[in-house]
Structures are given as C-alpha cells and as structure tokens.
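Q: To start, I am sharing the structure in question, which I have written as structure tokens.
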Amino acid sequence: MSAYLFVINLCVVVIISFFFNLLAKKTNIPSVLMLILLGLGIQQVLNYFGIKPEYFNTLEVLGIVGLIMIVLEAALDLELKREKWPIIWKSFVIAFVSLVLSSVLITFVIQLFIQNLDFLSALIYAIPFSIMSSAIIIPSVSNLSKEKREFMIYESTFSDILGILFFYSLIENINANGAGEVAFALGGNIFLTLVISVVLSYALIYLIQNIRTEARFFLFLAVLVLLYAVAKLFHLSSLLIILMFGLLLRNHKVLLWGKLERWLDDEAIDGLFENFKMITVESSFLVRTFFFVVFGISLSLSTLENWKVWLMSGLFLVILYVTRYIMFYAVERRDIFPQIFLAPRGLISILLFFAIPDDFKVPEFESGALLVIIICSSLIMAWSLISESTNKKSNNEIVDGGNSIGS
1 MSAYLFVINL CVVVIISFFF NLLAKKTNIP SVLMLILLGL GIQQVLNYFG
51 IKPEYFNTLE VLGIVGLIMI VLEAALDLEL KREKWPIIWK SFVIAFVSLV
101 LSSVLITFVI QLFIQNLDFL SALIYAIPFS IMSSAIIIPS VSNLSKEKRE
151 FMIYESTFSD ILGILFFYSL IENINANGAG EVAFALGGNI FLTLVISVVL
201 SYALIYLIQN IRTEARFFLF LAVLVLLYAV AKLFHLSSLL IILMFGLLLR
251 NHKVLLWGKL ERWLDDEAID GLFENFKMIT VESSFLVRTF FFVVFGISLS
301 LSTLENWKVW LMSGLFLVIL YVTRYIMFYA VERRDIFPQI FLAPRGLISI
351 LLFFAIPDDF KVPEFESGAL LVIIICSSLI MAWSLISEST NKKSNNEIVD
401 GGNSIGS
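Be aware that the sequence shown starts at 1, since it is given in full-length UniProt numbering, and climbs by one per residue.
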C-alpha cells in the first residue's frame with residue numbers, strides 16, 4: 001500500500017468516527033460498537049485481497065497511550081467540592097464494592113469452566129470484565145438529569161481508576177508469599193509512588209505555567225508518558241503519577257496550601273486546565289478511534305462458534321447487573337433506573353485483557369467472551385437510555401396535555 005493511500009485511509013477512519021459520535025448522540029448506540037463493526041468490515045476487505053497485516057504491536061502501543069489518556073481524562077473530570085461529597089462517596093462505594101464483588105464472583109465462574117485454574121490466575125482474567133468504561137459512559141449520559149449524569153461520570157471514573165490500579169497491583173505483587181507480604185509490598189509501592197507523584201505533579205505544573213512557547217502541552221504529554229514508562233520499568237504504580245497530575249490540575253484551588261499558593265499562579269493554572277482538557281479530549285478521541293478499529297480488524301470471529309463462550313458470557317452479565325442492582329438498592333435506594341443498566345465494558349477491558357503477562361495467560365480462555373460482553377453491555381445501555389428518553393417524552397406530553405386542559 002502506498003503512503004498516500006495509507007494516509008487517505010487513516011483520514012477516512014477519523015472522519016467516519018466523528019460521524020459515529022454524532023450518530024451515537026442521536027440514537028444512544030455507543031460509537032464503540034460502530035468502530036468495532038467498522039474494523040470487522042475492514043478485516044473482511046483485507047481478507048478478500050489476501051492482506052494479513054500484524055496488528056498486535058500497534059494494538060499494544062495504542063493500548064499504553066490509551067490507558068494514560070483515559071486516566072488523565074478521568075482525573076481531569078473529577079471535581080473535588082464539598083457540595084459534591086454525597087455523590088462522590090456514594091459513587092466511590094458502588095464502584096469499589098461492585099468491582100471487588102463482581103471480580104471475585106466472575107473468578108469462581110472462570111474456575112468452573114476451566115478446571116485446575118488457580119484463584120489468582122482466574123482473578124487476573126476476571127478484573128477486566130468487572131471495570132466500567134468511562135470512555136463510553138461519559139459521552140452517552142448527556143441527556144440524563146444533572147444528578148444522574150454526575151453520578152455516572154464519578155462512578156465510571158472511579159471504576160476505571162480503581163480497576164486499573166487493582167489489576168496492575170495484583171500482577172506486580174502476585175509472587176509475594178502470603179497476604180501479609182502482598183499487602184506490605186502493595187502499601188509500600190503505593191506510598192512511594194504517591195510521594196513521587198505529588199512532588200512531580202507540583203514541579204510539572206510550576207514548570208508548565210512558566211513556559212511561554214506554543215508547543216508546551218504536547219511536550220508535557222510526552223513527559224507524562226515518559227514518566228509512566230520509566231515508573232513501569234521500576235515496578236511502581238505508574239498510573240498514580242498520571243492520576244495525581246490530573247487531580248492537581250483540576251482541583252488546584254483545593255489541593256494547594258501554604259507556600260505552594262504563592263509559587264503557583266491560580267489564574268494561569270485555570271487557563272492551563274482548559275487548554276490541557278481540550279487537547280486531552282481530542283487526543284483521546286484519536287486514540288480510541290484507532291484502537292477500536294484495529295481491535296475490530298484483529299478479532300477472530302471463530303471463537304464465537306463455541307457455545308461455552310456464550311454461556312460463560314451470560315453468567316458474567318448476570319453477575320455484573322445483579323451486583324449493580326444490589327449496590328444501588330443498598331446505597332441509593334430510590335430512582336435507580338437507568339443507572340443499574342449503564343455498565344458498558346470497553347477500552348479498559350480490552351487493554352487489560354491484552355496486557356495479561358504471558359506467564360499468566362490461559363490458552364483455554366476464549367477471547368470471544370470479551371467481545372460478547374462489550375457488545376451485550378453496550379446494547380443493554382443503549383436500550384436503557386432509549387427507554388429513559390421515551391419515558392421522559394411521555395411524561396412531558398402528559399404534563400403538557402394536563403396544562404392545556406387546565407387552561
């Protein structure tokens with residue numbers, strides 16, 4: 001393929017993805033599904049012409065960058081205010097308990113289907129299925145009421161961050177002897193990373209506010225990716241660095257105190273946040289677009305022919321939604337529709353699934369289950385949002401009819 005033809009194809013994919021986003025807002029069908037289907041369509045065209053490119057390395061690189069962008073975008077969405085505390089703690093509790101409970105229950109299901117698989121190996125596979133996708137939820141809940149919309153943004157963001165930290169912390173400390181050693185190693189790792197993260201975050205923000213050149217934002221994105229990669233090599237919880245930077249940039253008025261307030265320019269940081277947020281959102285759009293298209297191209301549909309894939313996926317879905325219902329009923333108690341059905345799996349699930357180290361990979365586990373969960377959870381979300389929208393219209397018509405009769 002010529003370089004010009006390759007560039008044309010890339011541009012066409014980006015343009016199609018943009019229209020998919022517009023269509024998703026109109027229909028409540030997640031654009032992720034459309035991108036995966038686009039990838040599957042491209043796969044069939046490539047097969048027809050006998051082209052079989054190797055996409056795994058591309059998927060891995062997109063995955064690393066995508067992971068960083070998702071955590072950064074999620075952190076920039078987390079506004080820490082006193083009046084938002086009820087929503088913050090409720091969404092955190094639901095996200096945390098749902099993640100842990102569904103991970104453990106899915107682990108037992110995996111052990112049921114794959115004999116002689118130890119608990120920790122099964123848990124590593126279970127975690128990606130237990131994490132909500134903020135990348136899908138945040139753009140999909142724009143038509144909900146303000147309270148529900150904010151709740152879902154916080155919950156999905158917490159689910160992303162907690163799930164990623166849970167997954168990588170488990171992998172990095174899985175060889176420890178006993179639960180006590182795991183807890184000590186994990187606690188020490190997180191504490192050390194937090195200290196480094198806070199120092200680096202303050203230093204980065206101080207530097208970025210004093211650089212006047214035009215290309216500073218992508219410079220600091222490159223620095224963040226570099227810090228992530230270096231921290232990974234030293235087996236630190238590297239995503240905490242990204243998380244702390246995003247939280248500090250978003251909530252500098254809350255997290256700055258003492259001499260730090262004099263060193264950092266409040267007005268300058270406000271401007272930095274707006275620009276950084278815009279660039280992060282735009283970059284995330286590109287990364288998500290190419291990741292899901294490449295994922296669709298690389299999918300093997302033959303795994304869907306196995307009835308065990310569908311049975312196991314069905315049990316996973318039952319666990320996910322029953323767990324959500326129990327948690328919402330226990331914490332929220334009222335007005336829990338459509339939130340209990342807003343639990344799509346997406347980019348994070350795929351990233352973590354393919355990030356499972358070779359030492360823990362299980363050949364018997366069918367990757368088709370991941371595709372089934374992504375598609376079914378997205379369709380369930382679309383159905384619940386459409387139902388909510390229909391109910392709103394019906395209620396508005398009834399109110400309007402009553403007003404006209406009364407007048």
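Don't be surprised by glycine CBs; every beta carbon is placed ideally from N, CA and C.
Model, not experiment: these values are computed from the prediction.
Assuming I348 contacts S133 (C-beta within less than 8 Å), just tell me the rounded distance between them.
A: Contact flag correct, Cβ pair sits at about 6 Å.
Q: Please report the distance separating the alpha-carbon of residue 450 from that of S298.
A: Outside the displayed span of the chain (1 to 407) sits residue 450, for which this structure offers no information.
Q: If you scan the stretch 178–229 from start to end, which runs of the alpha helix (DSSP H) of 4 or more residues do you find wholly inside it?
A: Segments of the alpha helix (DSSP H) lying fully in the stretch 178–229: 178–210.
Q: Round the Cβ separation of L240 and S283 to the nearest angstrom and send it over; I've been treating them as touching at under 8 Å.
A: 21 Å between Cβ atoms; not a contact.
Q: Measure the C-alpha to C-alpha separation of T27 and I205 and round it to an integer number of angstroms.
A: If you take the alpha carbons of T27 and I205, they lie about 40 Å apart.
Q: Among residues of its own chain, excluding the 5 on either side of P338, which ones have a beta-carbon nearer than 7 Å to its beta-carbon?
A: Once the five neighbours on either side are set aside, the close Cβ partners of P338 are S384, L385, S387, E388.
Q: Cutting at 8 Å between CB atoms, please list the residues of its own chain near residue 411, excluding the five before and the five after it.
A: Nothing about residue 411 can be reported from this structure: the residues present for the chain run from 1 to 407 only.
Q: Alpha carbon to alpha carbon, what distance is there between L352 and I70?
A: Their Cα atoms are separated by approximately 13 Å.
Q: Nearest to I114 by alpha carbon, out of F217, Q44, F365, A268?
A: For the residues F217, Q44, F365, A268, the minimum Cα distance to I114 belongs to F365.
Q: I'd like the list of long-range same chain contacts for V97, defined as Cβ closer than 7 Å, with 5 residues on each side in sequence excluded.
A: Answer for V97: M327, listed in chain order.
Q: To the nearest angstrom, how far is the alpha carbon of W307 from that of G368?
A: One C-alpha to the other measures close to 11 Å.
Q: Can you tell me which of the three DSSP states P53 falls into?
A: In this structure, P53 counts as coil in the three-state DSSP scheme.
Q: For F291, which residues of its own chain have a beta-carbon under 6 Å away from its beta-carbon, when the five flanking residues on both sides are left out?
A: Here the set comprises L62, G66.
Q: Pick from C376, S378, I375, L370: whose alpha carbon is nearest that of I127?
A: Nearest C-alpha to I127: L370.
Q: Measure the CB-CB distance between L304 and V372 and report whether it falls below 9 Å.
A: Going by C-beta atoms, L304 is nearer than 9 Å to V372.
Q: DSSP on A122, reduced to helix/strand/coil?
A: Here A122 sits in helix by DSSP.
Q: Determine, using beta carbons only, whether I94 and V331 come nearer to each other than 9 Å.
A: Yes, the Cβ-Cβ distance between I94 and V331 is below 9 Å.
Q: From which residue to which residue does the alpha helix (DSSP H) around G346 run?
A: Here G346 belongs to no alpha helix (DSSP H), and DSSP marks it neither H nor E.
Q: For D266, does the count of other Cβ atoms within 10 angstroms reach 16, so buried, or fall short, so exposed?
A: Exposed: under 16 other Cβ atoms inside 10 Å.
Q: Indicate whether N189 and S159 have their beta-carbon atoms separated by less than 9 Å.
A: No.
Q: On the DSSP letters alone, give me the boundaries of the alpha helix (DSSP H) that P338 sits inside.
A: Run containing P338: none; DSSP gives neither H nor E here.
Q: In the structure shown, what three-state DSSP assignment does S365 receive?
A: It should be noted that the sequence gives Phe, not Ser, for residue 365. Coil.
Q: Give the range of the alpha helix (DSSP H) segment to which I36 is assigned.
A: Segment 31–48, the alpha helix (DSSP H) holding I36.
Q: Output yes or no for whether 9 Å exceeds the beta carbon distance between L117 and I106.
A: No; because the gap between Cβ atoms is not below 9 Å, this pair is not in contact.
Q: Can you tell me whether S389 is helix, strand or coil according to DSSP?
A: Note: S389 maps to helix in three-state DSSP.
Q: With a 10 Å radius around its C-beta and 16 neighbouring C-beta atoms as the bar for buried, classify P30 as buried or exposed.
A: Buried.
Q: Run the CB neighbour count on Q44, radius 10 Å, all protein chains shown included, and call it buried at 16 or more, exposed below.
A: Q44 should be labelled exposed.
Q: Using CA atoms only, rank isn't needed, just tell me which of P53, N275, I136 is closest to residue 408.
A: In the structure as shown, the chain starts at 1 and stops at 407, and residue 408 therefore has no counterpart that could be examined.
Q: In this structure, does DSSP put V318 in helix, strand or coil?
A: Three-state DSSP puts V318 in a helix.
Q: Alpha carbon to alpha carbon, how far is L194 from S201? Give it in angstroms, no decimals.
A: Answer to the nearest angstrom: the Cα atoms are 10 Å apart.
Q: Grab the span of the alpha helix (DSSP H) containing Q111 for me, first residue to last.
A: Looking at the DSSP string, the run of the alpha helix (DSSP H) that includes Q111 is 85–113.
Q: Rounding to the nearest angstrom, what Cα-Cα distance links I131 and G163 in this structure?
A: Distance between the alpha carbons of I131 and G163 is about 6 Å.
Q: With 16 other CB atoms within 10 Å as the buried threshold, where does M278 fall?
A: Answer is exposed; the Cβ neighbour count stays below 16.
Q: DSSP three-state label for E73, please.
A: Residue state, collapsed to three classes: helix.
Q: Taking I138 as the reference, give the member of E155, L123, F129 with the closest Cα.
A: Among E155, L123, F129, the Cα nearest to that of I138 is on E155.
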